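Chemist:
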Amino acid sequence: MTMERFLPKAHKSESGFTLVELMIVIAIIGILAAIALPQYNKYRQKAQAKELVSLARGCAMAIVTDCMDSSNSTASVTGMATQECANAHGLKYLGGVTLTPSGTCSSFTVSADDNQTNPWSATCTGSVNQQVSCNLQ
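Heads up, the sequence shown is in the numbering used here, so the first residue is 12 and it goes up one at a time.
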């Protein structure tokens, strides 16, 4: 008798992943997603805030242009509905933006609020003779 008779037969080589290996991979992906998603949302909110400031600045610069054309420092900017201020609703990321220009050509303010999900508002102040400055609140 040979020894081969008493030894167990060799199993065929099996390929693939075990359940434990797959669970570990899924857990790692879950941890990475838990880290990445909040960072992505924060980045997206910052981009939306910058777009809101850019919108208010564009409206303010359009008002400056209108004021320079009218050359009347006491003209009310609320009546100067420029194209920049009127097109506020066609933004890619922001919805329900309200632009409110007020004041005169010698001193005006443009307020932009995102009425949807973000608590931000942008305010630009300036005049024809000064530089327009914008702040995010």
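We treat Cβ as the ideally placed atom computed from N, Cα and C, and that holds for glycine.
Source: prediction; values computed, not measured.
Should residue 60 be labelled buried (16 or more other beta-carbon atoms within 10 Å of its own) or exposed?
Modeler: Buried.
Chemist: Determine which residues share a DSSP beta bridge with residue 110 and list them.
Modeler: Paired residue(s): 123.
Chemist: Please determine, among 137, 148 and 62, the residue with the shortest C-alpha to C-alpha distance to residue 72.
Modeler: Here the closest residue by C-alpha is 137.
Chemist: Between which two residues does the alpha helix (DSSP H) holding residue 69 run?
Modeler: Run containing residue 69: 30–81, per the alpha helix (DSSP H) assignment.
Chemist: Spatial neighbours of residue 113 within its chain, please: CB distance less than 7 Å, with the 5 preceding and 5 following residues excluded, ordered by chain position.
Modeler: Excluding residues within five positions, the ones whose Cβ falls inside 7 Å are 88, 89, 119 and 120.
Chemist: If you reduce the DSSP assignment to three classes, tell me which class residue 145 lands in.
Modeler: Here residue 145 sits in strand by DSSP.
Chemist: Which one or two residues does DSSP pair with residue 133 in a beta bridge?
Modeler: DSSP output for residue 133 lists 123 and 147 as bridge partner(s).
Chemist: Just to confirm, are residue 5 and residue 116 a CB contact at a threshold of 8 Å?
Modeler: Residue 5 falls outside the range modelled here, since the chain spans only 12 to 148, and no answer is possible.
Chemist: Under 8 Å between the Cβ atoms of residue 66 and residue 131?
Modeler: Cβ atoms of residue 66 and residue 131: not closer than 8 Å.
Chemist: Can you have a look at residue 110 and say buried or exposed, based on whether 16 or more other CB atoms are within 10 angstroms of its CB?
Modeler: So residue 110 ends up on the buried side.
Chemist: Compute the Euclidean distance between the alpha carbons of residue 86 and residue 53, then round it to the nearest angstrom.
Modeler: Roughly 41 Å between the two C-alpha positions.
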